[in-house]
Each structure stands twice: as C-alpha cells, then as structure tokens.
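**Q** What follows is a structure written as structure tokens; I'll ask about it next.
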Amino acid sequence: MTEIGKTAGDGKLILFQGVEYKRAKFQMLGININKYDDDKDNSNNHQDIIDEVKRQGGFTIICHPHLNAGDYWPIEKLKGLNGYLGIEIYNNNVRLNNSGRAVATDVWDELLSSGKRVFGFANDDMHIFSRVGGAYNMVLSPEKSKESII
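All you need for this note's numbering is the position in the sequence shown, starting with 1, plus 10.
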C-alpha cells in the first residue's frame with residue numbers, strides 16, 4: 011500500500027490473509043490462514059476445506075449464494091455443512107456484473123431459522139480494482155488486534 015508524500019503502513023489497518031477456494035462450482039473464503047492447498051479432484055467435499063481452515067486458526071465464509079441468478083449454493087448443501095462462520099449476504103461484484111442476485115438475506119434467514127448460527131458478510135469480491143469500496147464489514151471488538159477480531 012502506498013500514499014502520496016508519506017510512507018504507508020502506520021498500523022491503522024489490520025489485514026487478514028486469505029484465499030477464495032473454488033471447488034466444483036461452489037466457492038468459499040478461507041480467512042486468516044497461512045497455507046493453501048485446494049485438492050481440485052475432490053470437487054464435492056467442502057467440509058474438508060472448512061475443517062482445514064479451522065485447523066489453521068481461520069474461518070470460512072460461503073461466497074455469493076445467488077451467483078448467476080439461481081441458487082448457486084443449494085440451501086440443503088449449506089444446511090449440511092458445519093463450522094463455517096458465515097455467508098456473503100451482499101456481493102458487490104455480483105451486483106456490478108448483473109450476474110445474479112447480490113443480496114442473499116433470504117438464504118441467511120433460512121439458515122438462521124434452521125438453527126445454523128452464521129454471520130452475514132458483505133464483500134467486494136474484487137476481480138477489477140475499480141470496484142473496490144462497494145461493500146464493507148464492521149466489527150465491534152474490545153481492542154484493535156487480529157486476535158480480538160477473530
């Protein structure tokens with residue numbers, strides 16, 4: 011990161027390393043991990059990604075439930091997975107591409123109503139730099155540290 015006329019990196023920004031896993035057609039984010047190994051041959055087992063991310067001390071977010079206008083992530087599949095922290099309830103890239111429904115609060119509501127304790131996230135899903143800043147998440151944390159946020 012750079013700024014005009016001064017050095018960047020004043021410690022005000024906390025960054026989490028992560029990756030977007032693409033397994034078959036369903037995608038998930040692994041956040042706060044240090045190793046990425048996506049077994050592309052095992053296209054149907056998403057639970058092992060969730061378990062591996064958790065083993066590394068990270069958390070998993072389900073990506074864009076309504077990508078391409080349909081139910082990209084079938085609700086029964088989401089109900090069958092365990093240990094993910096949340097789902098994208100807003101995806102800015104889906105909105106800008108007009109490639110589905112950017113808002114997925116209906117999926118979130120159904121998961122919560124079925125007993126799943128998952129949080130809602132908003133993400134840019136930034137594949138094009140000019141699209142940054144359309145979504146963000148706020149965290150109430152007792153202190154400004156990765157450990158406190160997680």
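Cβ coordinates follow ideal geometry from the N, Cα and C atoms, glycine included.
State the DSSP-derived secondary structure class of residue 66, mapped to helix, strand or coil.
**A** coil
**Q** For the alpha helix (DSSP H) holding residue 153, just list the boundary residues, first then last.
**A** First-last for residue 153: undefined, no H or E at that position.
**Q** Per DSSP, what kind of secondary structure is residue 59 in: helix, strand or coil?
**A** In the displayed model, residue 59 falls within a helix according to three-state DSSP.
**Q** What does DSSP give as the partner residue(s) for residue 98 in the beta ladder?
**A** 131
**Q** Under 8 Å by Cβ, that's how I've got residue 113 and residue 94 pegged, so tell me the actual separation to the nearest angstrom.
**A** About 19 Å; that fails the 8 Å criterion.
**Q** At what residues does the alpha helix (DSSP H) containing residue 85 begin and finish?
**A** 85 to 90
**Q** Between the Cα of residue 86 and those of 98, 126, 66, 63, spot the shortest distance and give me the residue it belongs to.
**A** Residue 126 holds the alpha-carbon nearest to the alpha-carbon of residue 86 among 98, 126, 66, 63.
**Q** Quick one, which of 36, 35, 138, 44 has its alpha-carbon nearest residue 28's?
**A** 44
**Q** How many Å lie between residue 161 and residue 110 at the Cα?
**A** No answer is possible for residue 161: the residues shown for the chain start at 11 and end at 160.
**Q** Compute the Euclidean distance between the alpha carbons of residue 143 and residue 58, then round it to the nearest angstrom.
**A** 31 Å
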